[in-house]
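Have a look at the structure below, then the notes.
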Amino acid sequence: MSITTVATQPIAGQKPGTSGLRKKTPVFMGPHYLENFVQSIFDVVGADGKTFVLGGDGRYFNDRAAQVILRMAAANGAARVIVGQGALLSTPAASHLIRLNKTDGGIVMSASHNPGGPHEDFGVKFNMANGGPAPEGVTEAMFQRTTTIADYRILEAHDVDLSSLGRSTLGGMVVDVVDPVSDYAALMETLFDFDAIRALFAGGFRMRMDSMCAITGPYAVEILERRLGAAPGTCVNAQPLPDFGGMHPDPNPTWAKVLMDEMFGENAPDFGAASDGDGDRNMVVGRGIYVSPSDSLAILAANAHLAKGYKGGLKGVARSMPTSAAADRVADALGIEKFETPTGWKFFGNLLDAGRVTICGEESFGTGSDHVREKDGLWAILLWLNILAVRGETVAEILKGHWLKYGRNYYSRHDFEAIETAKADAMMAALRAKLSDLPGMEIEGMTISAADDFAYTDPVDGSVSLKQGVRILFGDGSRIVLRLSGTGTEGATLRLYLERYVAGPAGLDHDAQEALAPVIRAAHDLAGIAAFTGRDAPNVVT
Ligand code: VG1
Ligand code: CO
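If you want it as structure tokens, here you go:
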């Protein structure tokens, strides 16, 4: 086996977005594309003598990419790589393995919720030694490296057998193939009262778990069916497939429609859940009632002490800026710190490491805690089960009780996908240009109290992130946020976030879209969405 240094040249546009580098699969499979990016990662973080974790969500090209990354790690002098069997690992399980084994970081192959397949999407992201996504400074350095790269190193070798557990060597590097599920499942047992959840299922509680043919299937079957005694068949679409069975593994009412129909149909189970491509996000649904992610975050924060891993209470709660303020009300009631960060889990890392927060969440169906440094879909589902087991109430009762106590933050996100990039950029530029004129303006019977482009100063390291999304705030607490997605691979996606707060029993009665109607009209008016983009309605509403 010999190390080859391959001459290459920079490839334009290898810039990581909200969550790593995502491109069309054929782009990633193109000459030197994957290799350039992986070498840039190693050049920035250093590989010599280091140990890394490697795994992915099982999408098309996952297996081939894993072999390339292993040969490059060996050629760059890595001492050891811990790989999930079959090159599989959910994002939270990878985060846990990085921390458990005190490694120097890890590479996760995933484009998360983006569809998989030969003509769909692929992605690569790097997580640091704390188990969390590389912060902006590090991803920016990786991008800069891709613009100057002249060669990469790779070992000439046969494929490593990733199908069976155990240790082998590749050049001078040790490769440990581990079970992707067992360490993660053991961690969950330390956080939640498995006996109480087992008793819940034994008492006839019924659940549906839809893994959407993505990575959580093996985790869900092991934990929910084998360890907790949920009825066999509780987990559906539980086999990870290279094309996710043609599904779009984004756990929301639009893409998880089959689950929604079941939960709103006759003989619905007590509890439903779905997770995304790489297993870091979740949707939860009660019988006949949908739980918005922002409400889910607030309810988990308010009830976490009921689970053994959190019985000492929470240190603080953080949410991304577009996430509703429901969690803030819980933090205030608990008398703990609260934080508002830009979109993307990497912004929670410092707060978690510094012990300032215990639970974090995003409106995009991501929730997690300080047990790892990623959002964690099954963790949220298990915490919900633990809360349901202890409180003995239905999801609807818990949700309505929460709204009565704290008031309700009506909330919705409208996505306008695959807009021409130039049109989306022009719309955002025009909106940004008029922000200072907005305060004081009356629209739809509401008065604008403030408007800005969200800037964030990290409370721990002082780093500053600018232009994280336009916020328009109203005197009555309503809010409009607009930003462009950083995870898409086709054109631009406009995300429009809408919020309105109502106190007391008045918050129980309405459908969110109905309650938000004036806020939605004001957003279209102020941003000129139809005039700029040609779209007068979103294609995904969550
Ligand atoms: C989206 C979500 C964001 C999330 C990110 C990665 O980003 O809005 O909250 O952290 O996806 O999630 P954007 O830039 O497209 O809005 V994952 O599970 O898909 O890696
Ligand atoms: Co994900």
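Residues are numbered in this note's numbering as their position in the sequence shown, beginning at 1, plus a constant of 658.
No residue lacks a Cβ here, since even glycine has one placed at the ideal position from N, Cα and C.
Predicted model, so just to flag it, every value in this text is computed and none were measured.
CB of residue i within 8 Å of CB of residue j, strictly
i, j, result
"tyrosine 810", "valine 664", "yes"
"valine 766", "leucine 746", "no"
"alanine 707", "alanine 737", "Here residue 707 is glycine; the residue named in the question, alanine, does not match the sequence. Contact flag set, yes."
"glycine 1186", "isoleucine 1077", "no"
"leucine 1093", "aspartate 1111", "yes"
"methionine 800", "isoleucine 699", "yes"
"lysine 1201", "glutamate 794", "What the structure shows of the chain is the stretch from 659 to 1200, and residue 1201 is not part of that stretch, so it cannot be assessed."
"leucine 755", "aspartate 841", "yes"
"methionine 941", "alanine 976", "no"
"asparagine 1008", "aspartate 1119", "yes"
"tyrosine 718", "threonine 662", "no"
"glycine 678", "valine 782", "yes"
"alanine 815", "arginine 729", "yes"
"arginine 680", "asparagine 772", "yes"
"aspartate 600", "threonine 709", "With the chain covering 659 to 1200 only, the question about residue 600 has no answer from this structure."
"glycine 775", "aspartate 936", "no"
"glutamate 998", "tyrosine 1155", "no"
"glycine 903", "leucine 917", "no"
"threonine 666", "alanine 769", "no"
Cutoff 7 Å; reference residue i; Cβ partners in own chain excluding five residues on either side
i, result
"valine 839", "Pro876, Tyr877, Glu880"
"threonine 806", "Pro668"
"glutamine 897", "Cys871, Gly875"
"serine 869", "Gly875, Ala878, Cys893, Asn895, Ala896, Ser933"
"aspartate 986", "Lys996"
"glycine 735", "Ala705, Asp706, Gly707"
"phenylalanine 859", "Leu886, Gly887, Ala888"
"leucine 758", "Asp841"
Near the ligand VG1: residue i beta-carbon under 7 Å from a heavy atom
i, result
"aspartate 936", "yes"
"histidine 771", "yes"
"tryptophan 646", "Nothing about residue 646 can be reported from this structure: the residues present for the chain run from 659 to 1200 only."
"tryptophan 1003", "yes"
"arginine 1153", "yes"
"glutamate 1020", "yes"
"serine 1143", "yes"
"glycine 714", "no"
"threonine 1212", "A question about residue 1212 goes unanswered here, because the residues of the chain that appear run from 659 up to 1200."
"serine 1027", "no"
"glycine 1024", "yes"
"glycine 1146", "yes"
"proline 676", "The question names proline, but residue 676 is threonine in the sequence shown. Yes, the ligand VG1 has a heavy atom inside 7 Å of this Cβ."
Cross-strand partners of residue i (DSSP beta bridge)
i, result
"isoleucine 947", "Gly944"
"glutamate 1157", "Tyr1069, Arg1137"
"glycine 824", "Val835"
"cysteine 893", "Met867"
"tryptophan 1026", "Position check: residue 1026 holds glycine in this sequence, whereas tryptophan was assumed. Partner(s): Cys1018."
"serine 978", "Thr999"
"tyrosine 810", "Val664"
Near the ligand FAD: residue i beta-carbon under 7 Å from a heavy atom
i, result
"arginine 977", "Absent from the structure shown: the ligand FAD. Ligands present: the ligand VG1 and the ligand CO."
heavy atom of the ligand CO below 7 Å from residue i C-beta
i, result
"arginine 939", "yes"
"threonine 981", "no"
"threonine 749", "yes"
Contact set for residue i: own chain, Cβ-Cβ below 6 Å, skip 5 residues either direction
i, result
"arginine 864", "Pro927, Asp928"
"tyrosine 1069", "Ser950, Ser952, Ser982, Glu1157"
"histidine 1060", "Ile957"
"alanine 889", "none"
"glutamine 725", "Asp817"
"arginine 1066", "Val1160, Gly1165"
"glycine 790", "Gly1007, Arg1031"
"arginine 1141", "Gly1127, Arg1153"
Contacting residues, own chain, Cβ-Cβ under 8 Å from residue i (five flanking each side not counted)
i, result
"phenylalanine 922", "Gly946"
"leucine 1040", "Met846, Leu849, Phe850, Ile855, Ile881"
"histidine 1182", "Ala1188, Asp1194"
C-beta neighbour in chain D for residue i, strict 8 Å
i, result
"valine 796", "No chain D appears in the structure shown, which is made up of a single protein chain."
- Segment contact flag, the segment 823-836 with the segment 945-956, C-beta cutoff 8 Å, min 3 pairs: no
- Three CB pairs or more closer than 8 Å across the segment 1001-1017 and the segment 1050-1057: no
- Query: Does the count of Cβ pairs from the segment 1014-1033 and the segment 1099-1111 closer than 8 Å reach three?
  - Reply: no
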